[in-house]
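Read through the structure below, which is laid out as structure tokens, and then see the notes.
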Amino acid sequence: MQNVFAELTWRRLINQTTDDQHLPKWLNEKPRTVYAGFDPTADSLHVGHLMALMILRRFQQAGHRPIAVVGGATGMIGDPSGKSEERKLLSVETLNANVAGMEKQLRRFLDFDCGDRSALLVNNYDWMGRFGYLEFLRDIGKHFPVNVMLTKDSVKNRLDRDDAGLSYTEFSYMLLQAYDFVHLNAEFDCEIQVGGSDQWGNITAGIDLARRLRGVQLYGMTCPLLTKSDGSKMGKTESGALWLDPNKTSPYHFYQYWINLEDADVDKCLRFFTDLAEDRIRTVVAEHRAAPEKRSGQRTLAAELTRLVHGADGLRAAEKATEIFFGAEISDLDDGQLSAIFADVPSKELPRQRLEDEGLWIADALVEAGLAKSKGEARRTIEQGGAYVNNRRIESVETRLTAGDLASRSVMVLRSGKKRYALLRFAD
RNA sequence: GGGGGGUUUCCCGAGCGGUCAAAGGGGUCAGACUGUAAAUCUGAUGGCGUAGCCUUCGCAGGUUCGAAUCCUGCACCCCCCA
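Numbering that gives the first Met the number 0 applies: residue 0 is where the first sequence begins, and numbers increase by one.
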């Protein structure tokens, strides 16, 4: 049994608990069962889920048993917490697909095969789906005074707004989550729930319900919201959320997000998201402060987190891609590796025959690849020294490309400027 | 209904018979610098294998050796008077 409370404290993962006095001791007494919920709003987890996930992970590492609950039922309703508008309902098929996608990813963070403290993965649809409406109102609804519900932040905030209402459906959300906690307590002896700070109301609702229905005392703990030093949301890119699914966000982009993190957020993220020990983090941060231009903090963070989410192979791919995207000459790579590295880069297929005889004029190649709108533009780029083939600068507008300029069997990597890439594939 | 002003290249905006592919600014694209940031500086910015040619200045005609620039008609926008 390790002291998980102390661990979470130095990692600054505790925002609020239902019992600061007794919780640390209570957690050290014996292995406890802890749960966190994940709403299946998409077919992949994203960085926003990472906080709760890492907390479960640390509980397990300390010797406790984590339960990840995917909200097949609650996801059908939509949690109003932290949301400014009524959400649209997802179809049952979408929900099922989403639940399946998230399950796969959860396995990376939690150990599902280690004896007593093996993680559990459950779907609340399995117990909520069977409930009849009348039954639910009699057995559960009866215990929720509306005046108490109305004081919850998630409800109050929505009612205070002039531009968004709150449907009866979403209003009922907290009853479902409260019942989840009670069910998990009865079924798995789960006694503590963790979640983001916006989950406080839902968690305490569950604790109240458990006391009334079962006469037991449960606990709750929230972590801080994940925001950047400038106040914006962490894990948001111009193209949307930062997903954990490599098909939605490539390991390279995932890695790059952390490499580009503000200096001010590095310490915090190392504590939140890596398994590194406290003194190691202190060392990394100290080194980083001494020479911020080296980005050693970001590098450590990016490497640790990418390895955790995408595995050692994913990290290697991301590092290789980084090296190449920042100008390393391209050589010794085959078609498959290049396709993987440049997965998000536009590509165009041309007949191999274009490389024969005279070869392919470099300006035509840039236009074909979409890096220039006209040959004139291509010509200018070349004249200004901004055109590259396989990351080698093209010196002359007269350059013609032949089979010898292929980076691999059939791929040629074109680049305009610092980082606009495109591939040309030459089919037989 | 009457009078006046406008419509320019991706955007704003100059041009008011040839030296206009059209000033200037913004944007964009390159280059330098840099910590994969911002700022700054430099260059480029209709098309075409380009000492040249072709297409652009609301639309259609016309005057002229020559029109973004002058004339006529049409369309749309703005302002003033009624």
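By construction, the Cβ of each residue, glycine as well, lies at the ideal position given by its N, Cα and C atoms.
Note the first and the last residue of the continuous beta strand (DSSP E) segment covering residue 94. Unbroken run through residue 94 is the alpha helix (DSSP H), 91-108; no beta strand (DSSP E).
So, is residue 9 buried or exposed, given that buried needs 16 or more other C-beta atoms within 10 angstroms? exposed
Would you kindly work out how many angstroms separate the C-alpha atoms of residue 243 and residue 387, rounded to a whole number? 32 Å
DSSP-derived helix/strand/coil call for residue 391: The three-state reading of DSSP puts residue 391 in strand, counting E and B together.
Suppose the cutoff is 8 Å on Cβ atoms and the five residues either side in sequence are ignored; what does the same chain contact list for residue 257 look like? 268, 297, 300, 301, 304 and 305
Nearest to residue 32 by CA position, among 280, 330 and 189, is which residue? 189
Which same chain residues, not among the five before or five after residue 14, have their C-beta less than 6 Å away from its C-beta? 196, 221, 222 and 223
Given a cut-off of 8 Å on the beta-carbon distance, is the pair residue 421 and residue 413 in contact? yes
Where residue 135 and residue 181 are concerned, what is the direct C-alpha to C-alpha distance, given to the nearest angstrom? 13 Å
I'd like to know whether the C-beta atoms of residue 46 and residue 241 end up nearer to each other than 8 Å. yes
Is it buried or exposed for residue 273, if we count other Cβ within 10 angstroms and need 16 for buried? buried
Expressed to the nearest angstrom, what Euclidean distance is found between the alpha-carbon atoms of residue 325 and residue 418? 8 Å
Which runs of the beta strand (DSSP E), 3 residues or longer, sit entirely within the segment 301-373? 346-350
Would you tell me roughly how many angstroms separate the C-alpha atoms of residue 117 and residue 291, rounded to the nearest one? 40 Å
For residue 32, list the residues DSSP reports as bridge partners. 64 and 189
How would you write the range of the beta strand (DSSP E) that residue 221 sits in, first residue to last? 218-222
Would you list the residues sitting across from residue 421 in a DSSP beta bridge? 413
Using the C-alpha atoms, what's the distance from residue 330 back to residue 376? 28 Å
Helix, strand or coil for residue 48, going by three-state DSSP, please let me know. Reduced to three states, the DSSP call for residue 48 is helix.
Taking its Cβ as the centre, do 16 or more other Cβ atoms sit within 10 Å of residue 313, making it buried, or is it exposed? buried
Return the Cβ separation of residue 245 and residue 309 in integer angstroms, given the expectation that the two are a contact with Cβ distance under 8 Å. Yes, residue 245 and residue 309 are in contact; Cβ-Cβ is about 6 Å, under 8 Å.
Close beta carbons around residue 6, own chain, < 7 Å, minus the five adjacent residues each side: 57 and 61
In the structure shown, what three-state DSSP assignment does residue 232 receive? strand
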